[in-house]
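Going down the list, the protein sequences come from chains A and B.
To get this note's numbering, take the position in the first sequence, counting from 1, and add 1.
To get this note's numbering, take the position in the second sequence, counting from 1, and add 4.
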Amino acid sequence: MNTILIEILGAIATILLAFTVGMLYGGARRKVIARIQNRVGPPIYQNFIDVVKLYSKETSIHHGWIQHMGPVFAITASITSLMFVPILTSGNWFSNLNFSGDLIFLIYMMVFGSLGMALGAGQTGNPNSAIGVSRGLSQMVGYEIPFVMSMVALMTQFHTTSITGMIELQAQSESWMMFSNPFAFIAAIMAMLGMFHYAPFDIVHAPAEVASGPVSEFGGKYLGMMMTSGSIFAFVKLTLFVDVFMGGASNLIELVIKTFALYMIPVLYGVINPRYRTEQAITYFWKWPAFFGLIGLVWAAFY
Amino acid sequence: MYNDKNAQTIVDYIKNFTRKNSLFMLAYGTGCGAIELPATLTSRYDAERLGVRGAATPRQADLLLITGYLSTKTLKRVIRVYEQMQDPKYVIGFGSCTINGGMYWDSYNTIKLLDKYIPVDVYINGCMPRPESVIEGFKELQRLIAAGKADGATKYKENLDWYRNNQKKVLKNWPLVEYNW
């Protein structure tokens with residue numbers, strides 16, 4: 002009984018932590034972009050203000066019930082994948098639902114939110130939504146290939162499909178996986194640029210081209226749910242990369258330092274780049290990242 | 005103080021605080037005033053530090069910015085955009101043209117006073133207003149929101165017949181949506 006209670010409280014604490022950290026990272030991103038453009042920028046807690054305002058808006062748009070389910074799918078996928086990523090290597094509070102094949106499960110689960118959102122956006126009937134969805138799915142085909150290649154390389158090299166198993170292996174060998182298989186790390190980082198949908202890969206939400214794409218018909222509370230889900234999902238991706246490649250984190254400060262350092266890669270790469278066209282984005286992922294993923298696979302086979 | 009019916013409750017206070025500090029702006033940029041907006045939003049004047057940022061579609065926007073004159077043809081689209089926005093919503097009339105017609109005061113196909121067709125919360129005068137006055141307009145709107153007085157949307161709902169009559173006077177033979185709130 003007590004253990005179940007602690008598990009549930011721990012899950013709620015995990016969601017709150019992911020939400021807070023993800024929102025603060027979003028605010029930090031806006032601040033960093035503003036400083037690079039020689040502006041003052043909004044305060045770092047601006048995203049919290051935005052999300053509270055969005056939840057307090059009225060929402061009276063109805064296009065069909067799948068449209069109402071779209072943001073729910075997105076937030077469900079974010080929280081489910083959060084439950085399978087180990088937050089800390091020690092301690093009881095941030096426990097999670099581990100099993101021996103959770104990395105494979107995560108690779109599937111991380112796609113589910115975008116697919117649910119695509120369903121919801123499809124029913125709104127807005128042409129911008131349809132274009133945004135087709136762009137997003139094409140881009141997903143682009144970055145999933147190097148990402149899966151690097152994950153498979155790690156799984157074959159270390160003979161485990163469990164994330165906690167990988168953390169233990171890194172602790173035993175006292176070497177991070179970004180050093181024991183550097184090519185897989187490079188491929189995964191380049192795939193991460195596309196996963197975050199920041200410039201130059203923001204072809205899905207391009208406000209000047211397709212009027213924010215899939216979410217163009219979602220206002221008010223739905224936009225707030227999308228923001229919540231996006232910040233939780235950003236935390237999930239960063240924590241997964243830290244767990245798999247950088248040996249996990251034993252306390253929250255270490256986690257924040259490592260994830261923030263990783264987060265700055267797509268942010269800073271995006272600040273100095275304009276937007277790619279759709280076919281440029283896809284060919285980008287199928288050239289160098291896929292090549293590094295292939296080298297990583299060969300490296301893993303002969304390790 | 006406790007019996008004052010006009011006093012804001014703590015929930016209203018929090019709501020108004022977030023609303024005034026997070027204005028998603030949809031610029032209806034058919035007039036010449038749209039050229040002042042890039043200067044307002046970029047490095048030199050930086051409206052984002054006040055929480056003002058651009059929204060891509062009417063569904064996501066809180067604030068409709070009418071930048072300059074409206075011909076009767078564009079008025080049709082403005083009414084449609086305004087009615088697509090979600091409550092609470094605010095309108096800023098930008099430049100002299102929205103107040104009295106400005107340099108188009110004797111034109112046969114522009115509207116002269118925007119407030120007769122959609123409710124305007126704040127006017128910014130000038131031809132064109134400089135970015136400083138645009139930011140002052142945003143701040144005035146924030147003051148109104150904080151005091152709970154930016155209620156153009158409720159006015160529009162309550163006096164819909166009056167607004168519809170005014171709209172139909174200039175938009176002849178044009179179907180406008182009828183509501184039964």
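Yeah, the Cβ is synthetic: ideal placement off N, Cα and C, and Gly gets one too.
Between Gly97/B and Leu118/B the beta-carbon gap is near 5 Å, inside 8 Å, which marks them as a contact. The DSSP assignment places 103-125, 128-159 and 164-174 as complete runs of the alpha helix (DSSP H) inside the segment 94-178 of chain A, in order along the chain (cut-off: 4 residues). Across the segment 219-247 of chain A, CB contacts with chain B closer than 8 Å involve Phe219, Gly220, Gly221 and Leu224, in sequence order along the chain. DSSP places Phe202/A in the coil class of the three-state scheme, outside both helix and strand. Met110/A and Asp155/B have their C-alpha atoms spaced approximately 44 Å apart.
For Asp203/A, the CB contacts under 7 Å within the same chain, skipping 5 residues up- and downstream, are Arg276 in chain order. With contact defined as three or more Cβ pairs closer than 8 Å, the segment 141-150 of chain A and the segment 233-249 of chain A are not in contact.
With the rule of 3 Cβ pairs closer than 8 Å, the segment 111-130 of chain B counts as touching the segment 168-175 of chain B. The beta carbon of Gly106/B does not come within 8 Å of any beta carbon belonging to chain A, so the residue lies off that interface. Within chain A, the C-beta atoms nearer than 9 Å to that of Lys19/B come from Val53, Lys54 and Ser57, in chain order. Contacts with chain B at 8 Å (Cβ-Cβ) do not include Ala131/A.
The closest CA to that of Ile62/A, considering only Lys222/A, Ala301/A and Ala250/A, is found on Lys222/A. At a cut-off of 8 Å between beta-carbon atoms, Pro275/A makes no contact with chain B. Cβ-Cβ separation between Tyr108/B and Cys101/B: approximately 6 Å, consistent with a contact (criterion under 8 Å). For Ala65/B, there is no enclosing alpha helix (DSSP H), as DSSP marks it with neither H nor E. Residue environment analysis places Arg278/A among the exposed positions, since fewer than 16 neighbouring C-beta atoms fall within 10 angstroms of its C-beta. The segment 7-49 of chain B contains, as complete alpha helix (DSSP H) runs of 4+ residues, the segments 14-25 and 40-45 (chain order). Within the same chain, Cβ atoms closer than 8 Å to the Cβ of Val86/A are found at Asn97, Leu107, Ile164, Val237, Thr240, Leu241 and Asp244, the five residues on either side in sequence being excluded. In the DSSP assignment, Gly58/B falls within the beta strand (DSSP E) that extends over Val56 to Gly58. Closest by C-alpha distance to Ile139/B, out of Leu45/B, Ala151/B, Phe21/B and Ala157/B, is Leu45/B. DSSP places Thr71/B within a strand segment (E or B) once states are collapsed to three. The beta carbon of Thr21/A does not come within 8 Å of any beta carbon belonging to chain B, so the residue lies off that interface.
Residue pairing from DSSP places Gly97/B in a beta bridge opposite Ile70/B and Tyr127/B. Rounded to the nearest angstrom, the Cβ distance from Ile50/A to Asn25/B is 5 Å, consistent with a contact under 8 Å. The beta carbons of Leu67/B and Phe28/B sit closer together than 8 Å. From the listed residues Glu52/B, Tyr32/B and Glu40/B, the smallest Cα separation to Arg134/B is found for Glu40/B. With fewer than 16 other Cβ atoms inside 10 Å of its own Cβ, Ala209/A counts as exposed. At a C-beta separation below 7 Å, Ile50/A has these neighbours in chain B: Thr22, Asn25, Ser26 and Gly55. As a beta-bridge residue in DSSP terms, Thr114/B pairs with Ser75/B. Residue burial is scored here from C-beta neighbours: Val41/A has fewer than 16 other C-beta atoms within 10 angstroms and is therefore classed as exposed. Val237/A carries a helical assignment under DSSP once its states are collapsed to helix, strand and coil. For the 8 Å CB-CB criterion, Pro92/B and Arg168/B do not form a contact. Close to Pro128/A, with beta-carbon spacing below 8 Å, lies no residue of chain B; the smallest spacing is near 12 Å. Scanning chain B for C-beta atoms nearer than 9 Å to the C-beta of Val41/A yields Asp50, Glu52 and Arg53, reported in chain order. Here Asn104/B is exposed, its C-beta having fewer than 16 other C-beta atoms within 10 Å. The DSSP-derived three-state label of Gln281/A is helix.
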